[in-house]
Amino acid sequence: MSQSFFYERSSSDSSKLSTSTLNTAMDSAALDASLYTVKAVFILDNDGNRLLSKYYDTELYPSMKEQKNFEKNVFNKTHKADNEIAFLEGMTIVYKSSIDLFFYVVGSAQENELMLMAVLNCLFESLNQILRKNVEKRCLLDNMDGAFLVVDEIIDGGVILESDPQQVVEKVNYRTDDNPLSEHSVAQVLQTAKEQIKWSILK
(Lines of atoms letter the chains of each structure in order from A and count residues from 1; the text may use other names and numbers.)
(Lines give C-alpha, C1' and ligand atoms only; values in the text may rest on other atoms or scores of the structure.)
Protein backbone atom coordinates (compact mmCIF):
# COMPACT_ATOMS: atom_id res chain seq x y z
CA MET A 1 0.00 0.00 0.00
CA SER A 2 1.57 3.26 -1.08
CA GLN A 3 1.78 6.22 1.25
CA SER A 4 1.89 9.91 0.43
CA PHE A 5 3.90 12.37 2.45
CA PHE A 6 3.46 16.12 2.50
CA TYR A 7 6.00 18.46 4.00
CA GLU A 8 5.17 22.13 4.44
CA ARG A 9 7.84 24.76 4.99
CA SER A 10 7.82 28.53 5.14
CA SER A 11 8.78 30.59 2.11
CA SER A 12 11.95 31.75 3.89
CA ASP A 13 13.00 28.15 4.57
CA SER A 14 12.25 27.30 0.99
CA SER A 15 14.35 30.19 -0.24
CA LYS A 16 17.28 29.22 1.96
CA LEU A 17 17.06 25.60 0.95
CA SER A 18 16.73 26.40 -2.73
CA THR A 19 19.70 28.77 -2.68
CA SER A 20 21.83 26.32 -0.74
CA THR A 21 20.86 23.42 -3.00
CA LEU A 22 21.42 25.49 -6.12
CA ASN A 23 24.87 26.61 -4.98
CA THR A 24 25.83 23.04 -4.15
CA ALA A 25 24.56 21.83 -7.50
CA MET A 26 26.41 24.58 -9.34
CA ASP A 27 29.64 23.86 -7.47
CA SER A 28 29.27 20.17 -8.25
CA ALA A 29 28.52 20.88 -11.91
CA ALA A 30 31.51 23.21 -12.15
CA LEU A 31 33.74 20.56 -10.59
CA ASP A 32 32.41 17.89 -12.94
CA ALA A 33 32.80 20.19 -15.95
CA SER A 34 36.37 21.06 -14.98
CA LEU A 35 37.32 17.41 -15.17
CA TYR A 36 36.36 17.20 -18.84
CA THR A 37 39.40 19.02 -20.12
CA VAL A 38 39.85 17.52 -23.58
CA LYS A 39 37.25 17.92 -26.32
CA ALA A 40 39.14 16.02 -29.01
CA VAL A 41 42.48 14.52 -30.01
CA PHE A 42 43.54 13.85 -33.57
CA ILE A 43 46.60 13.10 -35.65
CA LEU A 44 46.77 14.20 -39.30
CA ASP A 45 49.30 13.54 -42.02
CA ASN A 46 51.09 16.34 -43.86
CA ASP A 47 48.19 16.62 -46.31
CA GLY A 48 45.69 17.14 -43.52
CA ASN A 49 44.19 13.66 -43.77
CA ARG A 50 42.99 11.99 -40.60
CA LEU A 51 45.02 9.08 -39.28
CA LEU A 52 43.65 8.89 -35.74
CA SER A 53 40.96 10.83 -33.93
CA LYS A 54 38.81 10.71 -30.83
CA TYR A 55 36.07 13.21 -30.00
CA TYR A 56 34.91 13.32 -26.38
CA ASP A 57 32.18 15.96 -26.68
CA THR A 58 29.48 14.45 -28.87
CA GLU A 59 27.68 17.79 -29.18
CA LEU A 60 30.76 19.59 -30.49
CA TYR A 61 30.93 18.03 -33.95
CA PRO A 62 28.37 15.22 -33.98
CA SER A 63 28.78 14.12 -37.59
CA MET A 64 31.78 12.76 -39.44
CA LYS A 65 31.49 15.55 -42.00
CA GLU A 66 31.60 18.24 -39.30
CA GLN A 67 34.62 16.62 -37.67
CA LYS A 68 36.46 16.40 -40.98
CA ASN A 69 35.69 20.02 -41.81
CA PHE A 70 36.93 21.13 -38.41
CA GLU A 71 40.14 19.13 -38.81
CA LYS A 72 40.73 20.61 -42.25
CA ASN A 73 40.22 24.12 -40.91
CA VAL A 74 42.60 23.45 -38.04
CA PHE A 75 45.21 21.99 -40.38
CA ASN A 76 44.97 24.89 -42.83
CA LYS A 77 45.50 27.36 -40.02
CA THR A 78 48.35 25.54 -38.29
CA HIS A 79 50.45 23.46 -40.68
CA LYS A 80 52.63 26.41 -41.73
CA ALA A 81 52.53 28.28 -38.43
CA ASP A 82 55.38 28.42 -35.94
CA ASN A 83 53.11 28.68 -32.91
CA GLU A 84 52.06 25.87 -30.62
CA ILE A 85 48.62 27.26 -29.77
CA ALA A 86 45.71 28.26 -31.99
CA PHE A 87 42.21 29.55 -31.34
CA LEU A 88 39.55 28.48 -33.82
CA GLU A 89 35.76 28.08 -33.74
CA GLY A 90 35.67 28.82 -30.02
CA MET A 91 38.24 26.14 -29.27
CA THR A 92 41.74 26.25 -27.80
CA ILE A 93 44.03 24.01 -29.82
CA VAL A 94 47.59 22.98 -28.98
CA TYR A 95 49.66 21.18 -31.58
CA LYS A 96 53.05 20.02 -32.73
CA SER A 97 54.47 18.30 -35.80
CA SER A 98 56.98 15.54 -36.47
CA ILE A 99 58.22 14.74 -39.99
CA ASP A 100 54.90 14.04 -41.77
CA LEU A 101 52.56 14.02 -38.77
CA PHE A 102 50.59 16.73 -36.96
CA PHE A 103 49.34 16.15 -33.42
CA TYR A 104 46.40 18.13 -32.01
CA VAL A 105 44.70 18.37 -28.63
CA VAL A 106 41.50 20.44 -28.44
CA GLY A 107 39.87 22.08 -25.43
CA SER A 108 37.29 24.78 -24.83
CA ALA A 109 38.12 28.46 -25.19
CA GLN A 110 38.40 28.75 -21.40
CA GLU A 111 40.62 25.70 -20.99
CA ASN A 112 44.03 25.95 -19.37
CA GLU A 113 46.57 25.84 -22.18
CA LEU A 114 49.20 24.26 -19.94
CA MET A 115 46.88 21.34 -19.20
CA LEU A 116 46.27 20.77 -22.89
CA MET A 117 49.98 21.07 -23.62
CA ALA A 118 50.72 18.48 -20.93
CA VAL A 119 48.36 16.07 -22.70
CA LEU A 120 49.94 16.82 -26.07
CA ASN A 121 53.47 16.28 -24.78
CA CYS A 122 52.46 13.06 -23.06
CA LEU A 123 50.83 11.80 -26.25
CA PHE A 124 53.85 12.65 -28.37
CA GLU A 125 56.46 11.28 -25.96
CA SER A 126 54.47 8.09 -25.38
CA LEU A 127 54.19 7.47 -29.12
CA ASN A 128 57.85 8.34 -29.51
CA GLN A 129 58.67 5.42 -27.22
CA ILE A 130 56.08 3.06 -28.66
CA LEU A 131 57.32 3.79 -32.19
CA ARG A 132 60.97 3.59 -31.11
CA LYS A 133 61.59 7.24 -31.97
CA ASN A 134 60.26 6.80 -35.51
CA VAL A 135 57.35 9.21 -35.18
CA GLU A 136 56.25 9.28 -38.79
CA LYS A 137 53.22 8.20 -40.80
CA ARG A 138 54.35 4.75 -41.92
CA CYS A 139 55.35 3.64 -38.42
CA LEU A 140 52.16 5.06 -36.94
CA LEU A 141 50.00 3.17 -39.43
CA ASP A 142 51.91 -0.01 -38.61
CA ASN A 143 51.20 0.49 -34.90
CA MET A 144 47.68 1.90 -34.84
CA ASP A 145 46.58 -0.51 -32.11
CA GLY A 146 49.32 0.79 -29.82
CA ALA A 147 48.50 4.40 -30.73
CA PHE A 148 44.84 3.97 -29.75
CA LEU A 149 45.89 2.35 -26.48
CA VAL A 150 48.18 5.30 -25.75
CA VAL A 151 45.32 7.75 -26.24
CA ASP A 152 43.02 5.66 -24.04
CA GLU A 153 45.59 5.55 -21.25
CA ILE A 154 45.97 9.34 -21.30
CA ILE A 155 42.31 10.39 -21.71
CA ASP A 156 39.03 8.77 -20.79
CA GLY A 157 35.88 10.52 -21.96
CA GLY A 158 37.65 13.87 -21.99
CA VAL A 159 39.13 13.42 -18.50
CA ILE A 160 42.92 13.40 -18.21
CA LEU A 161 44.03 10.15 -16.59
CA GLU A 162 47.79 10.34 -17.02
CA SER A 163 50.41 12.88 -18.08
CA ASP A 164 53.55 10.84 -17.46
CA PRO A 165 54.70 9.18 -20.71
CA GLN A 166 56.63 6.49 -18.86
CA GLN A 167 53.52 5.41 -16.97
CA VAL A 168 51.51 5.38 -20.18
CA VAL A 169 54.06 3.24 -22.01
CA GLU A 170 54.29 0.78 -19.12
CA LYS A 171 50.50 0.37 -19.05
CA VAL A 172 50.32 -0.04 -22.83
CA ASN A 173 53.11 -2.61 -22.81
CA TYR A 174 51.36 -4.49 -20.02
CA ARG A 175 48.11 -4.55 -21.96
CA THR A 176 49.75 -5.63 -25.21
CA ASP A 177 51.78 -8.32 -23.45
CA ASP A 178 48.57 -9.75 -21.98
CA ASN A 179 46.66 -9.38 -25.22
CA PRO A 180 48.72 -8.47 -28.30
CA LEU A 181 45.72 -6.92 -30.04
CA SER A 182 42.72 -6.33 -27.84
CA GLU A 183 39.19 -6.49 -29.21
CA HIS A 184 38.81 -2.84 -28.24
CA SER A 185 41.79 -1.71 -30.29
CA VAL A 186 40.79 -3.91 -33.23
CA ALA A 187 37.36 -2.28 -33.23
CA GLN A 188 38.93 1.17 -33.16
CA VAL A 189 41.28 0.39 -36.03
CA LEU A 190 38.42 -1.04 -38.11
CA GLN A 191 36.26 1.99 -37.33
CA THR A 192 39.04 4.34 -38.45
CA ALA A 193 39.44 2.36 -41.68
CA LYS A 194 35.69 2.54 -42.32
CA GLU A 195 35.72 6.29 -41.70
CA GLN A 196 38.58 6.78 -44.15
CA ILE A 197 36.78 4.77 -46.84
CA LYS A 198 33.49 6.59 -46.21
CA TRP A 199 35.16 9.98 -46.41
CA SER A 200 36.95 9.03 -49.64
CA ILE A 201 33.61 8.08 -51.18
CA LEU A 202 31.97 11.32 -50.06
CA LYS A 203 34.71 13.52 -51.56
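Just so you know, we're using my numbering here: the sequence shown kicks off at 5 and counts up by one. Beta carbons: idealized from backbone N, C-alpha and C, even for Gly. Just so we're clear, the structure is a prediction, and the values are computed from it rather than from any experiment.
Cβ atoms of Lys100 and Phe107: under 9 Å apart, would you say? Counting from one through the sequence shown, the residue named residue 107 turns up at place 103. Counting from one through the sequence shown, the residue named residue 100 turns up at place 96. Yes.
If we call anything under 9 Å between Cβ atoms a contact, is Ser57 one with Glu70? Counting from one through the sequence shown, the residue named residue 57 turns up at place 53. Counting from one through the sequence shown, the residue named residue 70 turns up at place 66. No. Outside cutoff.
Under three-state DSSP, which class holds Ala113? By 1-based counting over the sequence shown, the position of residue 113 is 109. Of the three classes helix, strand and coil, the one that applies to Ala113 here is coil, per DSSP.
Element boundaries [alpha helix (DSSP H), containing Asp149]: Within the sequence shown, numbered from 1, the residue matching residue 149 stands at position 145. That run of the alpha helix (DSSP H) goes 148 to 158.
Let's see if you can read the secondary structure: which residues bound the alpha helix (DSSP H) around Thr215? The chain is shown from 5 up to 207; residue 215 falls before or after that span and cannot be answered.
For Ala85, which of helix, strand or coil comes out of DSSP? The residue labelled residue 85 in the question sits at position 81 within the sequence shown. DSSP places Ala85 in coil when its eight states are reduced to three.
Counting only the same chain and skipping the five closest in sequence on each side, list residues whose C-beta sits under 8 Å from that of Asp104. Along the sequence shown, read from residue 1 onward, the residue named residue 104 stands at position 100. Cβ within range, chain order: Asp49, Asn50, Glu140, Lys141.
Figure out for me which residue from Lys137, Met121, Met95, Arg136 has the closest Cα to the Cα of Ser167. If you number the sequence shown from 1, residue 167 lands on position 163. The residue with the shortest Cα to Cα distance from Ser167 is Met121.
Local conformation of Arg142 per DSSP, three classes: On the sequence shown, residue 142 is found 138 positions in, with the first residue counted as 1. If DSSP states are grouped into helix, strand and coil, Arg142 belongs with the helices.
Is the Cβ-Cβ distance between Leu131 and Val109 less than 9 Å? Looking up residue 131 in the sequence shown gives position 127. Looking up residue 109 in the sequence shown gives position 105. Taking 9 Å as the Cβ cut-off, Leu131 and Val109 do not qualify as a contacting pair.
DSSP-derived helix/strand/coil call for Ser167: Counting from 1 along the sequence shown, the entry for residue 167 is found at position 163. Three-state DSSP puts Ser167 in coil, outside helix and strand.
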